[in-house]
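Read in order, the letters of the sequence shown correspond to residues -19 to -1, 1 to 947 in mature numbering (1 follows the signal peptide of the UniProt record, and there is no 0). All C-beta atoms, glycine included, are put in the ideal place defined by N, C-alpha and C. In what follows, a structure is listed as structure tokens, so that the remarks can point back to it.
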Amino acid sequence: MKKIFFFFFSALIFTSITAQQFYEHTPEADKWVRKQFRKLSKDQRIAQLMIIRAHSNLGEEHVQEVTELIKKYNVGGLCFFQGGPVRQANLTNFYQKIAKTPLMIAIDGEWGLGMRLDSVINFPRQLMMGAVPDAKLIYQFGLAVGEQCKRLGIHVNYAPDIDINNNPMNPVINDRSFGEDKYKVALFGVQYMKGMQDVGVMACAKHFPGHGDVSVDSHYDLPVINKSRAQLDQLELYPFRELIKAGVGSMMIAHLAIPSIDTTANLPTSLSPKNVTDLLRNELGYQGISFTDALEMQGVAKFFPKGDASVMSLIAGNDMLCLPGDVPGSIKKVRKAIKEGKLTWEDLNARVKKVLLAKYHLGLNKKQVINTENLAEDLNAKTNEIKKALAANALTLLRKNNENLLPLRSNKVAFVGIGISKANAFATRVQQDLKADLFFFENKDTITKINSILEQLNNYDAVVVGFHNYNRRPANQFGLSKNSLELLNKLQGNKTITFAFGNPYAVQYICNSSNLVVCYEDDEITQLAAADLLVGKINAKGKLPVTVCEGFRFGDGIVYDNSLPVAKPESVGIRSESLKQIEVIAQAAIDSGAAPGMVVLAAKNGKVIYHQAFGHTNTDRTTRMTNDMVFDLASVTKISATTMGIMKLYEEGKIDLNKTLGDYLNWTKGTDKAPLKLVDILLHQAGLNPFIPFYREVIDTATGIPFPQYFTQTQTPQYAYRVAENVYLRNDWNDTMFSRILSSKLSEQGKYVYSDNDFIFLGKIIEAVSGMSLDHYVRKTFYEPLGMTTTMYKPRESMPLSNLVPTEVETHFRRQHIHGDVHDEGAAMFGGVAGHAGLFSNAYDLAKLYQLLLNGGELNGVRLLNKTTIDKFTAYNSEVSRRGLGFDKPEKDNATRKEPYPSLSVSPATFGHTGFTGTCVWVDPAQQLVYIFLSNRVNPTRNGNKLGRLNVRPNIQEAIYGAIVK
């Protein structure tokens, strides 16, 4: 065979800037660091570890104070607070000009520079983002914040906040957190971090080891967290571990008292060697810069004033002192500590060189001058666009008992604005779109006004309530008056829909609401998005990021859209009573150990008439299965991704099914695979090897341990293919796997042999013809136009693990519980994207795709395929098998078979597929029926396949047919 060369890698792999790159020792970097270090006196070395406060709104006296600290002590950096962008730019240029050593410029801009600067638009708080379903939006937000920082000469942003807010009364974190779920907090924190670091701005994960479960504000006192170390490991520390693995550039240490870490009385974690050195450095292995939280905060200053806190912070193992207050006093006390042997110059010098190395990689080896022309416009360039996307994706429909209220179609509508005295953007839109009459109630208003409003509302068919202007913090019932809460509660009824604009914890006062939407922010963009939702221009996509009461818990949110409306079975000729048999079959399967849990969906005549979840996501039975859970689809990928792509390109005239692999994939030429026709490949009768266990070549088959020359535990540019948690494959092995397929032996052509390799090739053809990676092509072409937000490859990049159903406890290769990574070993070694496996989805989103096929290529006005194309691919196309083109079909002699496939009652027009992990999709045009079954039957092991032996999938399918009224 001719030697084959492959060039897939460079177009498909991209890794973010990581901590390793901020501290990389190159000859140029080391030379610059040595040069700068030699210029420093001993006092200046200490000062290089200090970040001092700077404002651009405090006048000449403040500027003179900062100037003196820079000139006299050569401090390491500045943290800017309130002011204006042009003023800050001018001051930064001035301060950098007078600094002996370039200054590291930092800011605390968790929701962008608008958090600190006038003329700059605020982004939303992180809690709103925690409601968003797709983490890619958080990456875009992080990218925009990074670009803001870069434009203004800021090198470090003290963000993201990755505290898990599991205390609703938290007075300091609260809506600064992504929520209470550790997986979502970690994922969204990583994406925010990557966005900033991909433009060269250092992120800072805070507040280590976790500030979410406190009831005291560390700005005013020292909070105490009485949790065991095991509890911290299980929850609070999880996001920090994940961001360390992902390469966060720096870390901020909180002022907390945590006895399970350090029992020393009144010693904040920021000053504790057991927390900083033992836990963060030695146990978690983090070696990037650690900043203290502001040392002027009372959580530390109450017990360790000024210079004392600086000394103890360094002894604890921190690198940089944030806002130490007394710079000369701190220097003096640090030198004293060195003299007394509590610190050493060797240790301190190493930290100074680390800081200088980071400065080099942040671009401070070159002169940086900020151009102030169009500065505010540049800083605001992307803000509103991203805010609109976040608002549209975050709106969370918590309850809808009246179908007529969303979208609202009533003739006579009233709007009641609580917390406002005149029309805002939301009220104006309700008035304009629905001809609503407006009523307003402020916090100061009386019982008399309550009674007047309620009396007038009796004459309206529908009432829209806008709940506005309550405080962000939970103290004093979010600042709500007794009368405001009374009116809010009395308005809750079946003809009322309430929109809560602000902190979602405040809806604890209306958990009795019949129709409720949480909007998270109270700005104009969010209000307009809410109005769009009210009139049906957009659908609710968000999920509650925190638990607010027993009725509204984390993860709640109704995400059905109008693509597939939900209907009563009887409305489409299905007996509800007969469908109860599904629960009997499902529960028996779970009880027998066939699968930990499952989700069943059936749609008839374009309406969902059954959608139920059973069991749990895992064998430990700690997490109940829900309808929204996302499953590894296994071979259902073949028709839901690859076949769909081939159909589209065929329809567009870009693919000819009678052409060969060699016509589309040059690298197959010279092999016996090049002449294989696409039509035969789609039918699994090209003679390709069914399955090649690629993984066996890279492991010790006696122990199952991967060979170290092929894998690393962390992702690098050379080991970019994620195979599983802490398992990354060497890039060039991708080419080796294709070489193995090309050199594999062909069997008799024209004979039906089901093969994964058929669809691995087809996936590469889609990439070659479209010019996109397979995952990007199918998402852009099919899933996004249909609003299929959960259907994707590599779901860990977009959704938290709490949404994903775990599969096998794998012992033979990856040696871990597979969770969020593709179960199929070959697809995993291709980086999670392959033509034969790798796709994930929930049942409802998957149903949209197959309803589109059932409708002849159109769904709700969106046409993606022609009916003639669908008919061609879903018909019987082989004389030697039951196969369609890509699609599986019933056996041709199904009625006479002992074990009919997929079940007895399906019509010959039926098409679909089954998946190894315990999944299937079947569409029957004769009955206008879509049947979807998703399970993780390979959890905890693939062995045994009770699900198959018990005929669970066909039995449930038959139960649906048996419920059809004849």
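- Looking at the DSSP output, Tyr774 shares a beta bridge with Leu820.
- Between the region 29 to 49 and the region 102 to 122, the count of C-beta pairs closer than 8 Å stays below three; the two stretches do not touch.
- Cβ-Cβ distances below 6 Å link Gly306 to Glu277 and Lys287 in the same chain, with the five nearest sequence neighbours on each side left out; the list follows chain order.
- The Cβ neighbour count for Arg534, taken over all protein chains shown within 10 Å, is under 16; the residue is labelled exposed.
- Taking all protein chains shown into account, Met150 has fewer than 16 neighbouring C-beta atoms within 10 Å of its C-beta and is therefore exposed.
- Spatial neighbours of Thr792 in its own chain (CB-CB distance under 8 Å, excluding positions within 5 residues in sequence) are listed in chain order as Gly685.
- DSSP places Val47 in the uninterrupted alpha helix (DSSP H) bounded by Gly40 to Tyr54.
- Minimum Cα-Cα distance from Val166 among the listed residues Phe480, Ser862, Glu436 and Met780 corresponds to Met780.
- Judged by DSSP secondary structure, His757 falls within the alpha helix (DSSP H) whose first and last residues are Leu755 to Val759.
- Non-local beta-carbon contacts of Cys901 in its own chain, meaning distances under 6 Å to residues more than five positions away in sequence, involve Thr895, Phe914 and Arg934 in chain order.
- The C-alpha of Pro526 is placed about 21 Å away from the C-alpha of Arg222.
- For Glu791, DSSP records a beta bridge to Gln797.
- Look at the beta carbons and you see the region 805 to 817 touching the region 615 to 626: at least three pairs across the two are nearer than 8 Å.
- When only Cα atoms are considered, Ile680 and Pro689 end up about 9 Å apart.
- The residues Leu118, in chain order, have a CB closer than 7 Å to that of Ala370 in the same chain once the five nearest residues on each side in sequence are set aside.
- The beta carbons of Val308 and Val56 sit about 7 Å from each other, so the pair counts as a contact at 8 Å.
- With 16 or more neighbouring CB atoms inside 10 Å of its own CB, Pro204 falls in the buried class.
- Between the region 62 to 71 and the region 87 to 99 there are three or more inter-stretch CB-CB distances shorter than 8 Å, so the stretches are counted as touching.
- In this structure, DSSP gives Thr652 a state outside helix and strand, which the three-state scheme calls coil.
- Less than 8 Å divides the Cβ of Leu835 from the Cβ of Val911.
- Thr898 is not a Cβ neighbour of His798, given a cutoff of 8 Å.
- Between Asp198 and Pro152 the beta-carbon gap is near 5 Å, inside 8 Å, which marks them as a contact.
- Beta-bridge annotation (DSSP): Ala186 is paired with Met232.
- Straight-line spacing of the CA atoms in Thr762 and Ile296 works out to 56 Å.
- Listed in chain order, the alpha helix (DSSP H) elements of length 4 or more contained wholly in the region 651 to 713 are 659 to 663.
- Under the Cβ criterion (8 Å, minimum of three pairs), the region 556 to 571 does not count as touching the region 404 to 417.
- Within the same chain, Pro577 and Pro787 come within 6 Å of Asn599 by CB-CB distance, once the 5 residues on both sides are set aside.
- Across the structure, Arg795 and Gly838 are spaced so that their CA atoms are roughly 40 Å apart.
- Under the three-state reduction of DSSP output, His597 falls in the strand class.
- Leu582 and Ile555 have their C-alpha atoms roughly 14 Å apart.
- Pairing Glu217 with His188, the inter-Cα distance amounts to about 10 Å.
- Counting only the Cα atoms, Cys492 lies some 19 Å from Ala375.
- Contact check for Val446 and Val488: beta-carbon distance about 12 Å, past the 8 Å limit, so the pair fails to qualify.
- In this structure the region 647 to 656 touches the region 704 to 724; the number of beta carbon pairs closer than 8 Å is three or more.
- The Cβ-Cβ distance between Lys314 and Val292 falls below 8 Å.
- Taking C-beta atoms as the reference points, Gln63 and Arg19 fail to come closer than 8 Å.
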